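Residue numbers (full-length UniProt numbering), protein chains in the order written: chain A, 1 to 522; chain B, 1 to 906. Don't be surprised by glycine CBs; every beta carbon is placed ideally from N, CA and C. Fair warning: this is a prediction, and the values are worked out from it, not measured in the lab. Notes to accompany the following structure.
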Amino acid sequence: MNRLCDVEPRVMDDEMLKLAVGEQGPRDEAGQLAKQEGILFKDVLSLQLDFQNILRIDNLWQFENLRKLQLDNNIIEKIEGLENLTHLVWLDLSFNNIEAIEGLDTLVNLEDLSLFNNRISKIDSLDALVKLQVLSLGNNQIGNMTNIIYLRRFKDLRTLSLSGNPVAEAEDYRTFICAYLPDLVYLDFQRIDDHMKELAEMKHQCSVDELKHQESLMQAQLEEEQARWEELEGHKAAFVEHLNGPFLFDSMYAEDVEGSQLSHLPGVGELVQTYKDKFVIICLNIFKFGMKQQEKRKAELDTFMGCVQEAIQEKQEQGKHEIAKFEEKHLLTLSSIRDESELTNFEIKMAEHSENITELVNVLMTLEMQLVEQLEETINMFERNIIDLVGLFVENVQSLMAQCRDLENHHHEKLLEIAISTREKIVKGELDEDLPDAVRALFVDKDTIVNAVGASHDIHLLKIDNREDELVTRVNSWRAHLVDKIHKDEIMRNRRRMKEINQYVDHVQSELDSLEYSDLLD
Amino acid sequence: MLVAPSWSEVGHSECIYSSYRDLISRQSETQQMEVLKEKVEEEEEAERAEQAERAERAKKMMRPMEVRKEDTTRTQEMLRDLERKLSEIEVSIPEKPSTFTKDAIDTSKLPLSYQSNTPKEEHLLQVADNFSRQYSHLCPDRVPLFLYPVNECSVPKFVSTTIRPTLMPYPELYNWDTCAQFVSDFLSAVPLPDPLKPPSYLYSSTTVLKYQEGNCFDFSTLLCSMLLGAGYDAYCVYGYGSQDLCHMDLTREVCPLTVKPKEMVKEEEKAPPKKYAVKPPRDLTSRFEREQEIKRQEGVKAEEEKRLKQGERLAEQESAKTDPLHGLRVHSWVLVLSGKREVPESFFIDPFTARSYSTQDDHFLGIESLWNHKNYWVNMQDCWNCCKDLVFDLGDPVRWEYLLLETDKPLLSLTEEEDDGMNDDDDVENLGKEDEDKSFDMPCSWVEQIEISPEAFETRCPNGKKVIQYKRARLEKWAPYLNNNGLVCRLTTYEDLQCTKILEIKEWFQNRKDMLELKHINKVTGLNIDYFKPGHPQALRAHSYTSMQPEMDRVMEFYETARVDGLIKREETPRTMTEYYQGRPDLLSYRHVNFGPRIKKLSLNSAESNPRPVVKITERFSRNPAKPADEDVAERVFLLLDERIQLRYHCREDHLTASKREFLWRTEGDSKGNKIIMTPDMCLSFEVEPMEHTKKLLYQYEAMMKLKNEEKLARHQAWESELEVLEILKLREEEEAAHVLTISIYDTKRNEKSKEYREAMERMMLEEHLWQAEAQLDYLAPFLAQLPPGEKLTRWQAVRLKDECLSDFKQRLIDKANLIQARFEKVLPGPWQGRGPQRPQPENGPRAVCSPSQTCEGLIGAGGGCQCLGCPDDRVVLPHTCSLGGRVDGGREGVVGGWMEPYNSS
């Protein structure tokens with residue numbers, strides 16, 4: 001580790017990398033070729049940089065496609081600069097001075113990691129390495145047995161080495177690991193035999209079971225959360241989230257101070273309760289209707305997409321067929337032209353084939369034009385239908401929302417009545433019940449109480465309006481986006497196809513022309 | 001032509017008579033038909049007198065002696081003429097008289113029910129007789145019913161009781177088609193003694209099965225019994241059939257095996273056009289012109305077909321002579337009514353040929369009566385139009401006159417209400433029914449259960465062989481294992497009706513070691529196709545060839561799952577070899593190899609391996625979804641002579657064109673003599689997306705090197721394939737020469753090995769048992785156990801052992817006797833108490849009876865199990881007294897018992 005401290009550390013510069021790449025590149029004839037044209041860093045798959053006294057990992061960002069990297073026997077102190085090497089499968093950092101595992105979060109494809117003979121004291125920050133199979137952590141300073149439990153999350157881990165750590169000196173070191181990592185096959189370069197596994201299982205069964213139970217609980221919780229989240233997403237896609245319960249109603253009262261104060265009045269509690277029940281029923285209706293409509297829209301979209309795909313596929317098959325036919329002819333003609341010795345015949349054939357090419361272009365273009373026309377019509381039809389669907393949805397929701405508003409108005413009137421009668425009672429001093437001071441304060445005069453009830457009413461209406469507006473704007477923007485995207489996709493598809501046809505025809509033409517030139521040269 | 005056996009039985013004069021009757025009936029046939037028609041049209045009352053007269057005429061026909069007397073003058077000449085003609089005709093009398101005559105049947109072993117009638121049966125016969133008399137009175141113009149023919153013991157039996165519904169234990173016989181096929185295969189058909197009359201006898205199925213012979217009535221009785229047993233609603237029918245039907249003549253029928261199964265035109269359910277399906281591009285061709293063209297073509301086709309048909313019809317008419325006895329030939333077949341066993345529609349089965357016919361078929365010309373095991377029905381409907389107008393509603397008493405009143409038959413269906421009004425007044429039909437005992441039902445069948453032994457079931461046909469002649473085809477069947485090459489069926493198809501030119505031969509095999517199933521030989525093209533079942537050592541599925549020589553046209557198909565390389569098919573022509581693969585890890589699906597002409601080698605010593613030079617190898621691959629389409633090779637062509645490799649990649653999903661690459665290499669150096677490694681013009685490529693990849697020369701060089709290796713491999717593969725073909729051909733020839741048959745391990749009869757093994761096992765078991773019994777008796781065992789095992793005893797040891805054993809035995813006996821005595825004294829109060837035991841004197845001979853004073857109890861207590869010999873029944877009876885003593889078996893101490901005399905051993 002620190003045996004080389006007196007040696008001057010080197011910097012990973014371009015020169016060093018080039019040298020390494022050149023040395024480790026292809027040999028013999030291929031090597032000559034490589035030398036001729038040079039090797040791009042991004043084509044390198046494997047790189048070996050051992051015994052170079054490197055202190056800092058640097059300049060590796062160009063090696064995008066690197067699969068295997070060896071940096072062993074250096075004096076590296078920190079894992080860094082590996083963020084771009086996402087394709088890395090094998091990483092060797094043994095015999096360095098690393099103190100903590102870090103900087104590996106992007107290496108999702110890593111299968112083999114060696115950190116042998118470093119100064120690591122804790123296993124962590126390996127969460128991203130889901131494919132890890134081999135982990136070498138020997139000769140480090142890992143002292144805590146519980147660190148091993150962290151390794152349970154790597155389902156593919158088969159080989160582990162931890163010898164030379166303080167932890168390995170513990171008495172039940174092997175059994176502990178075997179029990180907690182039952183899928184492990186090799187530990188410290190030895191195969192774990194079945195006997196050992198049984199022993200370990202017996203010894204640690206209790207604690208392992210407990211751990212498993214906890215893990216499964218966690219897992220279940222996670223899944224539940226996931227399911228809930230997905231459900232909410234589904235509702236959001238239908239634009240009716242939080243309408244399948246009293247959420248809207250509760251939100252109406254959440255910011256409504258006066259409303260909650262007024263609910264203390266006699267009779268208001270029941271009134272609010274019935275109001276709530278009715279309101280929730282309407283909300284549920286909206287929700288159900290929204291989900292149904294969402295399904296309808298989805299089915300509509302699916303059939304549309306399916307039909308479009310079918311049409312495209314059909315034309316594509318036709319086009320492929322045409323090209324295959326042409327290709328056959330093309331090859332035959334080329335060889336016959338090549339064999340032709342007489343100039344006049346040669347020219348005639350050339351001209352004939354040029355015509356063939358033009359014909360192919362025409363056929364392909366016709367197919368494409370047909371397709372464009374057909375698709376345009378279909379897309380327009382779909383657009384009309386989807387607008388209708390969305391319109392229907394909005395209309396219905398609005399009418400349901402209007403019912404909500406009616407309810408609110410009705411409720412408001414009732415509430416006002418109660419408030420006024422209560423006020424009268426208070427004035428007359430007939431009120432039996434005790435009211436909180438804040439509520440009593442509202443009844444100082446008639447205007448205050450009327451205002452308070454009015455304010456509550458306004459807040460409620462505002463909430464309802466907001467919800468409605470949100471729904472309508474969102475559904476409309478969704479519709480606009482969808483239609484826009486379909487149009488755009490179609491245009492892009494058309495352009496790509498045009499480009500492809502042109503390119504192919506150019507290629508064919510150039511093949512023909514090259515014959516001409518070569519013959520002229522002869 | 002009349003049927004030969006009937007001639008052999010009757011005398012010469014009768015012979016003439018029957019042919020004469022033939023003549024008359026030919027005349028009367030047309031008359032009869034007319035009569036039937038008239039009867040429908042005219043009023044019954046008005047016709048009565050006429051009818052009687054006609055009936056008389058009919059009777060006269062039946063009694064030809066009278067007819068002869070009447071018409072002697074007219075027919076004298078005719079007769080002479082006939083006689084002359086007849087003498088010219090050579091009648092081939094069967095050399096061996098049919099064994100199936102009454103005398104040949106051994107009736108002695110048949111059970112009692114065959115030889116006599118129960119009172120109930122007698123009653124039934126009376127009822128039937130009564131019915132028959134009424135019937136002949138009411139319908140004097142109809143032939144007598146087939147009600148109670150005699151059986152093999154000359155006892156009259158009612159036909160319904162001859163049917164014995166039996167469910168066969170073979171699952172193959174559960175369905176009507178296989179059942180009928182079995183009956184037709186198992187029995188050989190004998191024509192009726194008189195083709196115009198039902199036979200006077202009807203044998204039980206037991207006898208019929210035993211002799212494997214029978215006439216159509218025997219056939220249909222057996223088949224009906226089996227079908228009823230299997231749950232079908234089946235009936236025996238007595239009626240009239242065409243000549244072909246009665247003579248089991250299939251030469252005018254097309255063999256069912258040659259009829260190609262009609263290709264089920266898959267009516268692809270056209271999915272209803274989806275909402276957004278694109279509109280098809282406008283069709284700009286003229287519809288009128290197209291229609292005209294179609295019309296023209298159809299006309300031409302129709303013309304052609306007409307011509308073909310005409311030719312065929314002419315040829316057929318020539319061969320088919322009109323039958324003089326048409327409509328009079330008696331036949332019996334089976335009717336299966338719809339309803340039970342999910343039979344959707346009623347149909348006939350001809351038991352001779354096992355073919356099913358619709359009830360409208362032209363072969364069936366009329367029905368007299370039908371019966372099953374429960375009842376008997378007489379057809380009251382008119383058969384002028386064959387069986388086409390018959391209604392098989394047996395509950396309708398107007399159409400079907402029943403013999404026994406039954407409750408479980410469906411009554412007249414309500415749809416035919418208009419008939420009711422018409423038939424209200426004719427009580428004549430129901431006459432006699434009232435006086436019958438209404439509760440009378442059919443007695444049980446007198447026939448034993450039908451039994452077919454497994455051997456007989458497997459052999460099927462009599463002597464295991466059967467030949468059927470069809471129109472332009474001949475079918476031969478054999479029992480399995482009869483032919484030593486496993487041949488079970490052969491179908492020969494001919495080109496012409498006379499069956500002289502063979503078109504093709506199909507041979508079916510069974511139990512072949514090489515799994516050969518079907519051999520198809522086309523004589524016209526010379527093409528042979530062998531089909532194999534799974535399990536051939538080379539996984540062969542089919543092999544079609546014209547000659548067994550290598551490098552000729554041939555196609556081999558394989559069971560690809562059984563092969564490591566996933567080969568499905570290999571086609572060969574003299575110059576090419578094409579292989580199709582499936583399910584390979586490298587996704588190779590097709591390889592085509594072109595061979596060049598063989599180079600003549602001068603050195604003869606290496607003549608064996610002189611492979612043809614490979615000119616071109618084409619390989620195609622399926623799409624590998626793990627790779628991007630631009631790197632996934634779809635096709636590669638190695639042009640070995642040009643040193644050129646062409647690659648075509650797979651097409652991207654949304655693209656029309658695919659990338660291509662072509663490698664050319666030059667072995668010669670450049671102008672300076674340096675070796676060229678790689679230059680850009682050695683690799684021509686077309687990229688679909690040229691901007692995505694910038695392939696360097698290095699990459700191309702590496703690709704080329706890899707392809708060169710692949711080329712070598714491909715060549716090697718081609719060579720190996722050739723070798724394999726040779727190997728298979730050799731193997732096939734060996735198999736053909738050896739034709740080994742396999743025997744299933746479940747076939748206990750034939751499988752010698754398993755039989756031996758089983759017997760050996762049984763022997764072993766027996767020996768083991770004996771040895772165990774012996775070992776139990778080995779009283780030396782406890783002493784031998786003291787010595788080291790497996791060593792031979794010295795003489796001294798043996799002697800000592802013997803002494804020890806004997807002394808031990810003696811000691812034990814003494815001990816026991818003492819014990820017995822002690823107990824005896826203690827337990828038994830009695831006359832000898834205090835005086836000690838005293839031997840009782842046997843009073844009557846050596847075998848003494850038990851006396852109350854002695855007991856075996858002591859013996860039991862001492863020795864464990866004991867058997868008293870004194871008592872007549874040698875059971876172990878516990879508190880028990882006897883005088884003789886007992887046998888002590890392996891006692892508590894492990895000593896094997898001996899004999900003991902009571903009380904005196906001490």
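Asked, Found
"As assigned by DSSP and simplified to three states, the class of residue 526/A", "The structure shown has nothing for residue 526/A, since chain A only spans 1 to 522."
"Completely contained beta strand (DSSP E) runs for the stretch 458-525 of chain B, where each covers 3 or more residues", "465-470, 473-478, 487-494, 502-509, 516-522"
"Close-in-space but distant-in-sequence residues of the same chain around Phe-189/A (CB under 7 Å, 5 per side omitted)", "Ser-161"
"His-87/A beta carbon less than 9 Å from that of Asp-256/A", "no"
"Per-residue DSSP class, three states only, for Arg-467/A", "helix"
"Short CB-CB distance (under 9 Å) between His-655/B and chain A", "yes"
"Chain A residues whose Cβ lies nearer than 8 Å to that of Val-237/B", "Correct list: empty, because the minimum Cβ distance to chain A is about 58 Å."
"Member of Leu-491/B, Leu-138/B, Asp-185/B, Glu-152/B whose CA lies at the smallest distance from the CA of Thr-107/B", "Glu-152/B"
"Chain B contacts from the stretch 318-330 of chain A (Cβ-Cβ distance under 7 Å)", "Gly-319, Lys-320, Ile-323"
"Residue interval of the beta strand (DSSP E) (run including Tyr-235/B)", "233-241"
"Reduced DSSP category for Ala-542/B - H, G, I as helix; E, B as strand; rest coil", "strand"
"Per-residue contacts from Ala-311/A into chain B (C-beta, under 7 Å)", "Val-278"
"Min CB distance Glu-300/A to chain B below 9 Å", "yes"
"Chain B within 9 Å of Arg-495/A, Cβ atoms only", "no"
"Between the CA atoms of Arg-252/B and Tyr-376/B - distance to the nearest angstrom", "34 Å"
"Three-state secondary structure (DSSP) of Tyr-203/B", "coil"
"Candidates Gln-449/B, Asp-514/B, Pro-789/B, Val-614/B, of which the one nearest Leu-167/B by Cα", "Gln-449/B"
"Strand pairing of Ile-54/A, partner residues [DSSP]", "Arg-10/A"
"Residues of the stretch 607-633 of chain B whose Cβ lies closer than 8 Å to any Cβ of chain A, in chain order", "none"
"Listed by chain order, chain B residues near Ala-30/A by CB distance under 7 Å", "Leu-698, Tyr-701, Glu-702"
"Interface flag, Met-20/A vs chain B, CB-CB below 9 Å", "This sequence places Ala at residue 20/A; Met is not what is there. So, not an interface residue."
"Supposed contact pair Ser-113/B and Arg-164/B - C-beta distance, whole angstroms, cut 8 Å", "Wrong, their Cβ atoms sit about 11 Å apart, outside the cutoff."
"Beta-carbon proximity check, Glu-80/A vs Ile-57/A, cutoff 9 Å", "yes"
"Cβ pair Leu-110/A, Leu-137/A closer than 9 Å", "no"
"Where His-363/B falls: helix, strand or coil (DSSP)", "coil"
"Spatial distance of Lys-109/B from Gln-115/B (CA atoms)", "10 Å"
"Gly-214/B and Leu-187/B closer than 9 Å at C-beta", "yes"
"For Glu-619/B: DSSP bridge partner residues", "Arg-591/B, Arg-636/B"
"Nearest candidate by alpha-carbon position, reference Ile-372/B, set Leu-337/B, Asp-361/B, Ser-356/B", "For the record, residue 372/B in the displayed sequence is Asn; it is not Ile. Nearest option by C-alpha distance: Leu-337/B."
"Residues sharing a beta bridge with Gln-190/A, DSSP", "Leu-187/A"
"Spatial distance of Leu-516/B from Glu-458/B (CA atoms)", "20 Å"
"Three-pair Cβ contact test at 8 Å for the stretch 248-268 of chain A versus the stretch 299-307 of chain A", "no"
"Beta-carbon spacing of Asn-139/A, Ser-121/A below 9 Å", "no"
"Sub-9 Å separation of Ala-231/B and Lys-340/B beta-carbons", "A small correction: the amino acid at residue 231/B is Gly; Ala does not occupy that position in the sequence shown. Closer than 9 Å, so yes."
"Per-residue DSSP class, three states only, for Glu-303/B", "helix"
"Extent of the continuous beta strand (DSSP E) run through Asp-129/B", "From DSSP, Asp-129/B is part of no beta strand (DSSP E) but of the alpha helix (DSSP H) over 119-138."
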